[in-house]
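Enquirer: Protein chains in written order, with the working numbering: chain A, 1 to 75; chain B, 1001 to 1292. Glycine included, every Cβ here is placed at the ideal spot set by N, Cα and C. Please read through the structure below; I'll follow up with questions.
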């Protein structure tokens, strides 16, 4: 464990809404980033979910089939 | 006018919350200083019940309930505001339900898979999980109960989290502290690499093959240029100072520190002797932090 003492201004900066005990705050710029990238993540997740759940298993099955087919062919 | 924020940083926790909090109480008694914030760099293992245990990626013999559930029920109280990021040994079902961050117990806040908060004027950013190129470009498709594969892929860092954090480079306010579980790739070039390889000689092969560390985190380190970067994961203490070229005459540096886990014989050998291994840094007057 490491201990640090970091000096900050006495009034601090509360750039977001009060989250807890007036000391821990949301970061307003971060909330804006989350908002702006929400559609991006939705689209990406849909695309990757399709690849992960549909395309990849299909490719795996085709690969296995090809291997057995080649073994059968050259046997 | 300035004041000081006292912060303690812990590497991997591995369910040892009681030990960590007791150590903090002891340090407060010893130094007479009140701690404001505790930062945990992952592997907290916030397990509440038997189902949560099944969502932790550890061999069955290491599956222990520990005492986190007592902090959830209120049987025990966290003595200090605790902020943590996820590692690779977590109750992933809990963390996944708090994707954007939230309290897992009173006074114990999860930063989310990627998140930024402000604490007493300090801007703290963090990212959970570890890097694996196989899942980096995927979405979060895992749902509990996890399959053997999903149990591991669920904590792998995704591109979207790194991308979102990278947008902070356009922010008006710099990041003061960055928390991660994994190490940024190439960080060993900014510290005593020989010493690191002496303690962990088997890192040599991984460094040479580029398997050690996280490339996206390295990019975030260079882009966001936080004043401090803390991480854990590799169970070795490793400090480094990363200089950044800002283009102006003022030079900026990131003070990097990777920390060990709570383990007898190292940092937590005994209550009386463990303070020898703690470094109580005197008030750090860093130019950029003074100007907050």
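1) Beta-carbon of residue 1030 of chain B versus every beta-carbon of chain A: anything under 8 Å?
2) Report all residues from its chain with a CB closer than 6 Å to the CB of residue 1152 of chain B; omit the five preceding and five following residues, and keep chain order.
3) For a test of the three-state rule: what should DSSP assign to residue 1118 of chain B, helix, strand or coil?
4) Is any beta-carbon of chain A found at less than 8 Å from that of residue 1119 of chain B?
5) For a contact defined as C-beta to C-beta under 7 Å, what are the partners of residue 71 of chain A on chain B?
6) Between B:1192, B:1080, B:1043, which lies nearest to residue 1294 of chain B when the distance is taken from Cα to Cα?
7) I want to see whether chain A comes within less than 8 Å of residue 1100 of chain B, judged by CB atoms only; does it?
8) Write down the C-beta distance between residue 1130 of chain B and residue 1233 of chain B rounded to the nearest angstrom, noting that I regard them as a contact closer than 8 Å.
9) With a CB to CB cut of under 6 Å and the five nearest residues on each side skipped, what residues in its chain are close to residue 1053 of chain B?
10) Can you check whether the C-beta of residue 25 of chain A is within less than 8 Å of a C-beta belonging to chain B?
11) Is there a C-beta anywhere in chain B that falls below 8 Å from the one on residue 29 of chain A?
12) To which residues does DSSP link residue 1244 of chain B through a beta bridge?
13) Taking the DSSP output, what are the residues bridged to residue 1295 of chain B?
14) Out of B:1013, B:1033, B:1028, B:1217, which one is the CA nearest neighbour of residue 1039 of chain B?
15) Any beta carbon of chain A sitting closer than 8 Å to that of residue 1109 of chain B?
16) At 7 Å on the CB atoms, spell out the chain C contacts of residue 1167 of chain B, in chain order.
17) Quick check: the Cα distance between residue 1147 of chain B and residue 1141 of chain B, rounded to an integer number of angstroms?
Expert: In brief:
1) no
2) 1057
3) strand
4) yes
5) Per Cβ cutoff of 7 Å: no residues; residue 71 of chain A is ~27 Å from chain B at best.
6) The shown model of chain B, from 1001 to 1292, leaves out residue 1294 of chain B, and the question about it has no answer.
7) yes
8) 7 Å
9) 1047, 1063
10) yes
11) yes
12) B:1252
13) Within the shown structure, residues of chain B are numbered from 1001 to 1292, placing residue 1295 of chain B beyond reach of any answer.
14) B:1013
15) yes
16) Within the model displayed, chain C is absent; protein chains A and B are what it includes.
17) 12 Å
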